[in-house]
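First comes the structure, then the notes that go with it.
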Amino acid sequence: MSHTSTLHDAPHHHANPTGWRRWLFSTNHKDIGTLYLLFALAMLFMGGASAMLIRAELFQPGIQLLDPDLYNNLVTNHALLMIFGAVMPAAAGLANWMIPLMIGAPDMALPRMNNLSFWILPAAGTMLILSFVVPFFPGGGSQINTGWTLYPPLSVQVGMSMDFLIFAIHLLGISSVLASINIIVTLLNMRAPGMTLMKMPIFCWTWLVTAFLLILVVPVLAGGVTMLLFDRHFGTSFFDAAGGGDPVLFQHLFWFFGHPEVYVLLLPSIGVLSHVIPTFARKPLFGYKSMVGAMIAVGTIGMVVWAHHQYTIGMSLGAVSYFMIGTIIISIPVGLMIFNFIATMWRGAMTFETPMLFAVAIILMFTFGGLSGVMLAVVPADMQYHDSMFVVAHFHYVLMPGAVFGLFAGVFYWLPKWTGHMYDERLGKLFFWINVTGFNLTFFPQHFLGLAGMPRRIIDYNVMFTEFNVISSIGAMIFGFSHLLLLYIVIKTIRGGEPATSRVWEGARGLEWEVASPPPFHTWETPPLIRQEQSA
Amino acid sequence: MNPAAQARNKRRTVWLLSLLVLGMFGFGFALMPLYDLLCQVTGIQSVSLRSAGEAVAEPLSIREDSRLITIKFDTSVHPNLPWDFQPLERHLQVHPGKLYQVNFAARNRSSASVTGQAIPSVAPWQATAFLNKLECFCFNRQTLAGGASVEMPLRFMISPDLPPEIRSLTLSYSLMKPETPAPELAPELAPESAPESARHEKG
C-alpha cells in the first residue's frame, strides 16, 4: 500500500488546475457539486420545455400542435429528464457540496470516482435526448410512445430510439450507484472525531438512507431493462407471452425500482427542510431520533409495497390486500416527519425568508399530495382512478413540493454560502409566489379532471373537460416561465450582491456555517472538534 | 483515526457496497425462480403450476348438463415461427359433459421444414381444471414441410363440475418454435402422435 499512502500524505501535491481542466479533471467536492447543480438546472429547462409543449397541446380539445406519437414521446421524455436529469443530479449536487462541510471532512471519500459519477451524466443525458430526437431522422424508427414506465410488449416493438433510452438508463444507473457508494463511504468513515451517527446532521442521514435505497433498487432496474434489450435483439422471451414469458414480470421489476425511487427523490428534500425550518424558527429540530427512525422506516417499508402501482393486473385478493395495507402504513412515519416539522415551528421566533416560505408551502402541499396518495392506495378506489389525470395530479403534488421545491429551498438556503453573496430577497419572494401559484393552478384542476374520467397519456380529450384543461394550461405557462426568474436570481447572485457572513442566517447551526462564505477551495483539512451541544 | 486505518476502512466499505450492487443485479434475474419456489412452498397457484395441473386428466364425468357455455378460441404466433395458425371456428356454444371437436388450420409460410409447439392457456384461469382435452395438437410438437398446410384437431369436453359463475371461457394457444430438442413425452399425455395421422370427425 506504499503508493496509496504517499498520495494520502501529500494532499497538496497537485496545483489547482484552471480553465476547463479545473472542471473536467475536478476531484474537488465543491466543484463537482456545482457541476451537478448546473447540469440539473439545464435538464430542468429541457424537461420543462417538453411539459410546456404537452400543456400547449392540451389547451384545447382536438389535435392542434403535435401528433399522438410525438405527444407520448414528449410525455416519456419529460418524466425521464425531470427524474433522472433534474431532481436526482440536483440532490446529488447538494450532497456533494454540503456533506463534507457538514461532517467536517476535507472531501468526499473517493474523489476520482466522484469525478467519474458526474462526467457519466452528460453522456447519459445526450443518449436520453438522442432517444427523443433519433426518430425524426430517416431510418430512425418509431418514437418512444410508452411513457417512462416502458411497459412491454409496446417497448419491445418501438424502434431503435428505445435502445438509446435503455443505454441512457444503464449509464444513469451506473452514475447514481457510484455516487451512492461514495456518499455511504464518506458518511461511514470520514465524520469528524466525536460526531457519532446519532449526532450527524439530518441532511446526511437522509442521504445515507437514500444512497442505500439507490444501491438496492437501481441494479434491479438495470436488470429489467437488460432483459428488455435481450427480448428486443437476442431472441429471448422474458416478457413475450408467445415465447413463454410474461409482460407483468417487467412491471414488477420496474416498480421494485420505481416505488423506492419516489423516496429517493423525496428524502434529500426532507433533509433540507430539517435544516431550513429550525434555522428560521430559531429552535432546534423537534424529535431528531424519531426523524431518523421515521426515514429508515419509510425506506424499509417503501421497498416492499411496489405492486400498488399494478392493482389492475389481476393479483389475488391476498396480494392486493397486503400491498394496500403496506402502502397505507407508510403514511404513519411520513406523518411523523410532518408533525416534527410543525412541532419545530411551534412557538418559534419565525421569519419568512424565501427558503422558509418554500418550507411552509411544502408542508401544506406535500401533505395534500400524501392524502390523495392514501386514496390511490385503496384498491377499490384505485380501480377507478387508475391511469387517470387524478394520478398525474397526485404525483405532481408529492414530487413537486416533496422533491423540487425542497431543492429550491436548499438552493436559496445555501446559495449565499456557495457564492459569498446574498441573493435578492425581494426577487426570491416574488419567485416563490409566482411559482407556487402557477403550480397549484396547473395541477389542482387535474384532480377534478381525473375524477371525471379524463385518462392520462392521451393527446385528445372530450370537450366536457375543456374548462379545467384551459385553467391547467394557463397555470402551466405561469409555472414554467417563472423558472426564468429563478435562473436570473441565481446568475445575479453568482455575479455579485451584498457579501454574506459565514453564518449567513441568524438561526443557522452546524459545521457548514463555521467556514467562510464562499468557502475556500479546501476546507476541514484538520478535522474540527465536535462540542457536546453541537448535534443536529 | 490514522490515515492508513481510514483508508483500510474505506476500502472495506467500498467492497461490501459493490457486492451489494452485484447481488441486487442478480436478484432481478433470480426473481422468477424465487417466485416459483415461494409458490411451491406456500401452495399459491402460480402460472406454471396452473398449466401443469391442466395436463393431469380429471376423471371423466358422463353427466350432461343443460347449461350453454361459450368457449372462444384465440391464437398467436411467436415471430420466430413462420406459420399462419387459426381456429376454423372462433367460438362454440357447448354443453358441459359433451364431447366436441374443433379444427385449427396451420400453414408453413417458409420453404423449409419447421417444427412448432403450441402452449395453451385458459382464461379465466379458474376454469383451467374443468377443460378436459382428449386429443390436442398441443400434446406434441408439430412439424410442417415447407409450404405445407394441415388441419389439426382439438377434442375437448367441459366438466359438468364447472362452477356456475363461469359462463364463458377463452382457450388461447401461443405457437412458438421450441429451442431445445423434443423431450420424451409421457404416453398418457400424448395419445396421438402426428396430426397427419389424426382422424377427422365431422361435428
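From first to last, the protein sequence lines stand for chains U and C. Each residue of the first sequence is one higher than the last, beginning at 39 in our numbering. Each residue of the second sequence is one higher than the last, beginning at 66 in our numbering. Every residue, glycine too, gets a C-beta built ideally from N, C-alpha and C.
Exercise. What's the C-alpha gap between U/S520 and C/R77?
Worked result: Residue numbering aside, residue 520 of chain U sits at position 482 when the first sequence is read from its first letter. Residue numbering aside, residue 77 of chain C sits at position 12 when the second sequence is read from its first letter. Between U/S520 and C/R77, the C-alpha separation is close to 47 angstroms.
Exercise. Between U/A546 and U/I367, what straight-line distance do the alpha-carbon atoms span, to the nearest angstrom?
Worked result: In the first sequence, the residue the question calls residue 546 of chain U occupies position 508. In the first sequence, the residue the question calls residue 367 of chain U occupies position 329. Straight across, the Cα-Cα distance linking U/A546 with U/I367 is about 34 angstroms.
Exercise. Using a Cβ-Cβ distance under 7 angstroms, would U/I219 count as near chain C?
Worked result: The residue you call residue 219 of chain U lines up with position 181 of the first sequence. Output row for U/I219: interface = yes.
For this session: If I'm right that U/P285 touches U/P190 with Cβ under 8 angstroms, what's the distance once you round it to whole angstroms?
Result: Counting from 1 along the first sequence, the entry for residue 285 of chain U is found at position 247. Counting from 1 along the first sequence, the entry for residue 190 of chain U is found at position 152. With 8 angstroms as the limit, U/P285 and U/P190 qualify as a contact, their Cβ atoms being about 5 angstroms apart.
Exercise. Apart from the five residues on each side of it in sequence, which residues of its chain come closer than 6 angstroms, Cβ to Cβ, to U/P439?
Worked result: The residue you call residue 439 of chain U lines up with position 401 of the first sequence. Counting only Cβ-Cβ distances below 6 angstroms, and skipping sequence neighbours, we find I400, M403 and F404.
Exercise. Looking at the C-beta of C/T78, does it have a partner C-beta in chain U at a distance below 7 angstroms?
Worked result: For the purposes of this step, residue 78 of chain C is taken as residue 13 along the second sequence, with counting starting at 1. With its beta carbon less than 7 angstroms from one in chain U, C/T78 belongs to the interface.
Exercise. List, in order along the chain, the chain C residues whose C-beta lies closer than 7 angstroms to that of U/V258?
Worked result: For the purposes of this step, residue 258 of chain U is taken as the residue at position 220 of the first sequence. M89, F92 and G93, listed in chain order.
Exercise. How about U/V430: is its Cβ closer than 6 angstroms to a heavy atom in the ligand FAD?
Worked result: Although the ligand FAD was asked about, the structure shown includes no ligands whatsoever.
Exercise. Anyone know if the C-beta pair for U/F361 and U/V343 falls short of 7 angstroms?
Worked result: In the first sequence, the residue the question calls residue 361 of chain U occupies position 323. In the first sequence, the residue the question calls residue 343 of chain U occupies position 305. For U/F361 and U/V343, yes; Cβs fall inside 7 angstroms.
Exercise. Any Cβ of chain C within less than 7 angstroms of the Cβ of U/A147?
Worked result: Numbered from its first residue, the first sequence carries residue 147 of chain U at position 109. Look at U/A147: its C-beta is under 7 angstroms from a C-beta on chain C.
For this session: Could you name the residues of the same chain whose beta carbon sits closer than 7 angstroms to that of U/V416, not counting the 5 residues immediately before and after it, in chain order?
Result: Residue numbering aside, residue 416 of chain U sits at position 378 when the first sequence is read from its first letter. Within the same chain, U/V416 has close Cβ partners M362.
For this session: Whole angstroms is fine: what's the gap from C/Q71's alpha carbon to U/H346's?
Result: The count along the second sequence starts at 1 and reaches residue 71 of chain C at position 6. The count along the first sequence starts at 1 and reaches residue 346 of chain U at position 308. Straight-line Cα distance between these residues: approximately 43 angstroms.
For this session: Out of U/D462, U/F202, U/T56 and U/F156, point me to the one whose CA is closest to U/G534's CA.
Result: As a working note, residue 534 of chain U is residue 496 in the first sequence. Ranking U/D462, U/F202, U/T56 and U/F156 by Cα distance to U/G534 puts U/D462 first.
Exercise. What is the residue span of the alpha helix (DSSP H) that U/V528 lies within?
Worked result: As a position in the first sequence, residue 528 of chain U is number 490, starting the count at 1. Element bounds for U/V528: T504 to R533.
Exercise. For U/L291 and chain C, any beta-carbon pair shorter than 7 angstroms?
Worked result: Here residue 291 of chain U corresponds to residue number 253 of the first sequence, with the count starting at 1. The beta-carbon of U/L291 is placed less than 7 angstroms from the nearest beta-carbon of chain C.
Problem set entry | Through-space distance from U/I496 to U/L235, alpha-carbon basis | Along the first sequence, read from residue 1 onward, the residue named residue 235 of chain U stands at position 197. Along the first sequence, read from residue 1 onward, the residue named residue 496 of chain U stands at position 458. Our two residues, U/L235 and U/I496, have alpha carbons roughly 48 angstroms apart in a direct line.
Exercise. What residue does the alpha helix (DSSP H) around U/Q289 start on, and which one ends it?
Worked result: The residue labelled residue 289 of chain U in the question sits at position 251 within the first sequence. Looking at the DSSP string, the run of the alpha helix (DSSP H) that includes U/Q289 is P285 to A319.
For this session: Can you give me the start and stop residues for the beta strand (DSSP E) that C/I184 sits inside?
Result: One-based indexing of the second sequence puts residue 184 of chain C at position 119. C/I184: member of the beta strand (DSSP E) spanning V179 to A188, first to last residue.
Exercise. Which residue's Cα is closest to the Cα of C/L236: C/A192, C/G211, C/N145 and C/E216?
Worked result: Within the second sequence, the letter at position 171 stands for residue 236 of chain C. Scanning C/A192, C/G211, C/N145 and C/E216 for the CA closest to the CA of C/L236 turns up C/A192.
Exercise. Nearest to C/W80 by alpha carbon, out of U/I222, U/S199, U/M126 and U/W456?
Worked result: Here the question's residue 80 of chain C lines up with position 15 in the second sequence. When each option's Cα is compared against that of C/W80, the closest is U/I222.
Problem set entry | CB contact check: C/K198 to chain U, cutoff 7 angstroms | Numbered from its first residue, the second sequence carries residue 198 of chain C at position 133. Proximity of C/K198 to chain U, defined by a Cβ-Cβ separation below 7 angstroms, is not satisfied.
Problem set entry | 8 angstroms contact criterion, which U/I376 and C/L82 should meet: CB distance rounded | Taking the first sequence and counting its residues from 1, one reaches residue 376 of chain U at position 338. Taking the second sequence and counting its residues from 1, one reaches residue 82 of chain C at position 17. Contact between U/I376 and C/L82 is ruled out by a C-beta separation of about 31 angstroms, above the 8 angstroms threshold.
Exercise. Alpha carbon to alpha carbon, how far is U/G142 from U/L154?
Worked result: The residue you call residue 142 of chain U lines up with position 104 of the first sequence. The residue you call residue 154 of chain U lines up with position 116 of the first sequence. Each residue's alpha carbon lies about 23 angstroms from the other.
For this session: Mark U/S410 as exposed unless 16 or more other C-beta atoms lie within 10 angstroms of its C-beta, in which case mark it buried.
Result: Locating residue 410 of chain U in the first sequence gives position 372, counting from the first residue. By the C-beta density criterion, U/S410 is buried, having at least 16 other C-beta atoms within 10 angstroms.
Exercise. With DSSP run on the structure shown, which of helix, strand or coil describes C/L254?
Worked result: Locating residue 254 of chain C in the second sequence gives position 189, where the first residue counts as 1. Confidence is the limiting factor: at C/L254 the pLDDT is only 47, short of 50, which leaves the residue's position unreliable, though a coordinate-based value still follows. C/L254: helix per DSSP, three-state reduction.
Problem set entry | Interface flag, U/I516 vs chain C, CB-CB below 7 angstroms | Counted from its first residue, the first sequence places residue 516 of chain U at position 478. No, no contact with chain C.
Exercise. By how many angstroms is the C-alpha of U/H67 removed from the C-alpha of U/T56?
Worked result: In the first sequence, residue 56 of chain U corresponds to position 18, counting from 1. In the first sequence, residue 67 of chain U corresponds to position 29, counting from 1. U/T56 and U/H67 have their alpha carbons spaced roughly 16 angstroms apart.
Exercise. If we ignore side chains and look at the alpha-carbon of each, how far apart do U/F268 and C/L87 end up?
Worked result: What you label residue 268 of chain U is simply residue 230 of the first sequence in a count that begins at 1. What you label residue 87 of chain C is simply residue 22 of the second sequence in a count that begins at 1. Take the alpha-carbon of U/F268 and the one of C/L87: they are about 19 angstroms apart.
For this session: Hey, could you find the ends of the alpha helix (DSSP H) C/S83 is sitting in?
Result: One-based indexing of the second sequence puts residue 83 of chain C at position 18. Per DSSP, C/S83 belongs to the alpha helix (DSSP H) from P68 to T107.
Exercise. According to DSSP, what are the bridge partners of U/H67?
Worked result: Numbered from 1 along the first sequence, position 29 holds the residue referred to as residue 67 of chain U. In the DSSP secondary-structure assignment, U/H67 is not bridged to any residue.
Exercise. According to the Cβ coordinates, are U/S312 and U/G458 closer than 7 angstroms?
Worked result: Within the first sequence, residue 312 of chain U is the residue found at index 274, counting from 1. Within the first sequence, residue 458 of chain U is the residue found at index 420, counting from 1. Cβ atoms of U/S312 and U/G458: not closer than 7 angstroms.
Problem set entry | Nearest-angstrom Cα separation, counted from C/V106 out to U/A319 | Here residue 319 of chain U is taken as the residue at index 281 of the first sequence, counted from 1. Here residue 106 of chain C is taken as the residue at index 41 of the second sequence, counted from 1. Each residue's alpha carbon lies about 55 angstroms from the other.
For this session: Please work out which residues of its chain come closer than 6 angstroms, Cβ to Cβ, to U/S275, disregarding the five sequence neighbours upstream and downstream, and give them in chain order.
Result: Translated into the one-based positions of the first sequence, residue 275 of chain U becomes position 237. For U/S275, where only same-chain residues beyond five positions count, the Cβ hits under 6 angstroms are G281, G282 and G283.
Exercise. For C/S176, which of C/L96, C/Q207 and C/S214 has the nearest alpha-carbon?
Worked result: Translated into the one-based positions of the second sequence, residue 176 of chain C becomes position 111. Of the candidates C/L96, C/Q207 and C/S214, the one whose C-alpha sits nearest the C-alpha of C/S176 is C/S214.
Exercise. When the cut-off is 7 angstroms and only beta carbons count, does U/V223 lie next to chain C?
Worked result: The residue labelled residue 223 of chain U in the question sits at position 185 within the first sequence. Contacts with chain C at 7 angstroms (Cβ-Cβ) include U/V223.
For this session: Please classify U/P127: is it buried, with 16 or more other beta-carbons within 10 angstroms of its beta-carbon, or exposed?
Result: Along the first sequence, one-based indexing puts residue 127 of chain U at 89. Counting the other Cβ atoms within 10 Å of the Cβ of U/P127 gives 16 or more, which makes it buried.
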